[in-house]
Amino acid sequence: MATRKSIILAWAEDESIRIVESIPSKRNIRRSNNHRIYLVCKHLVSRRRPIMPSAKEISELSGAKPFEFENFPSAQTIYNDYGTMLGIWRKAYRDINNIENEPATVAEELLAWDPAALDTNSQYNIRSLQRLCRELNETVKGLKQLVTDNVPINADRVQKDDFDLIADLSDWSRNVTIEGFEFNEFGLVVTRNSPPGTIVMDKPLFDGLARFADAAIRERQEVQGDG
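Per this note's numbering, the sequence shown starts with residue -15, numbered consecutively.
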């Protein structure tokens, strides 16, 4: 069964390949750079202990083993010109980090416990509880599948990434001022501390907000009979 981490990594790889393949072959340098950045990001994020794929980290690792790439973009170029690829893997890192920081449930701790050091009677009781937990887990999976199979979902309104949109927006709002922007009475503004070309909002988050807004407008129009 696929783990949540493997699902996140598979999504990031699919998005990366889509970006690379969307670049015309005549723009071979940009296409190659995106592909190489994707490979380095994957190496950082898919580790047992993932590393945040910052532009600086990617640039430094590109010249070391196992890559040893030549003529690799600088950290500033990665940040300014390859932000879409960078954004995908930073989102994957955050999502993986979030699930790995979730505390184990009591049931998960019980199932992971080896009672071999206990007396025979205690071992029997623990293993009986573990068997009951596994049975309950299977029942819950069956109920979830029943809901999935029988509750219709309008695919035009719900996209696969919308479920994470609010969490990504919250993360962006907490960290946007770190990049040199600031809020004043007019809104979010650029300051002298904002390096030229700094990304205000990465493309995956912007696209998600656009989809969310479009879906909300369509739903309102349908309810009001304006569609």
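Quick reminder that beta carbons are idealized off the backbone N, C-alpha and C, glycines included.
Query                                                                                                                                                          : Result
So, helix, strand or coil for E(-3), using DSSP?                                                                                                               : helix
DSSP three-state label for N168, please.                                                                                                                       : strand
Specify, as a first and last residue, the run of the alpha helix (DSSP H) that S16 falls within.                                                               : N12 to V29
Please report how far the alpha carbon of E54 lies from the alpha carbon of R176, in whole angstroms.                                                          : 33 Å
Could you give the C-beta distance for P50 and R74, rounded to a whole number, given that I count them as a contact under 8 Å?                                 : Their Cβ separation, rounded to whole angstroms, is 22 Å, which puts P50 and R74 out of contact at 8 Å.
Taking only the alpha-carbon atoms, compute the straight-line gap between L113 and E119 and give it to the nearest angstrom.                                   : 10 Å
Answer with buried or exposed for D152, where buried requires no fewer than 16 other C-beta atoms within 10 angstroms of its C-beta.                           : buried
DSSP on D140, reduced to helix/strand/coil?                                                                                                                    : Because D140 sits at a pLDDT of 46, beneath the cut-off of 50, its placement in the model cannot be relied upon, and the point is left open.
Let me know the secondary structure DSSP gives V174 once reduced to three states.                                                                              : strand
Which whole-angstrom value is the C-beta distance of I3 and T104, which I expect to be below 8 Å?                                                              : No, I3 and T104 are not in contact; Cβ-Cβ is about 59 Å, not under 8 Å.
Give the C-beta separation of V24 and I42 to the nearest angstrom, bearing in mind that I take them to be a contact with Cβ-Cβ under 8 Å.                      : 5 Å
Could you compute how far the alpha carbon of A100 sits from the alpha carbon of Q107?                                                                         : 7 Å
Taking 8 Å as the threshold (C-beta atoms), are R20 and S46 in contact?                                                                                        : yes
Shortest alpha-carbon distance to I83 belongs to which of R202, I72, N12 and S(-10)?                                                                           : S(-10)
Do I72 and E122 have their C-beta atoms closer together than 8 Å?                                                                                              : no
I need the boundaries of the alpha helix (DSSP H) containing D186, first residue and last residue.                                                             : Taken as a continuous stretch (DSSP letters only), D186 belongs to no alpha helix (DSSP H), as it is neither H nor E.
In whole angstroms, give me the CA-to-CA distance for D140 and W97.                                                                                            : Its pLDDT being 46, under 50, D140 is placed unreliably by the model, and nothing is read from it.
Is it right to say N287 is buried, meaning 16 or more other beta carbons lie within 10 angstroms of its own, or is it exposed?                                 : Any property of residue 287 remains undetermined from this structure, which presents the chain solely from -15 to 211.
Which of the three DSSP states is assigned to K49 in this structure?                                                                                           : coil
Taking 7 Å as the cut-off, does the CB of I42 come closer than this to any heavy atom belonging to the ligand ATP?                                             : The model on display carries no ligand, and the ligand ATP is accordingly not part of it.
Leaving out the 5 sequence neighbours to the left and right, which residues in its chain are closer than 6 Å to L(-7) when beta-carbon positions are compared? : S30
Would you mind working out which of R11, K40 and R78 sits nearest R33, comparing C-alpha positions?                                                            : R78
Given this structure, state the Cα-to-Cα distance separating E203 from F190, to the nearest angstrom.                                                          : 20 Å
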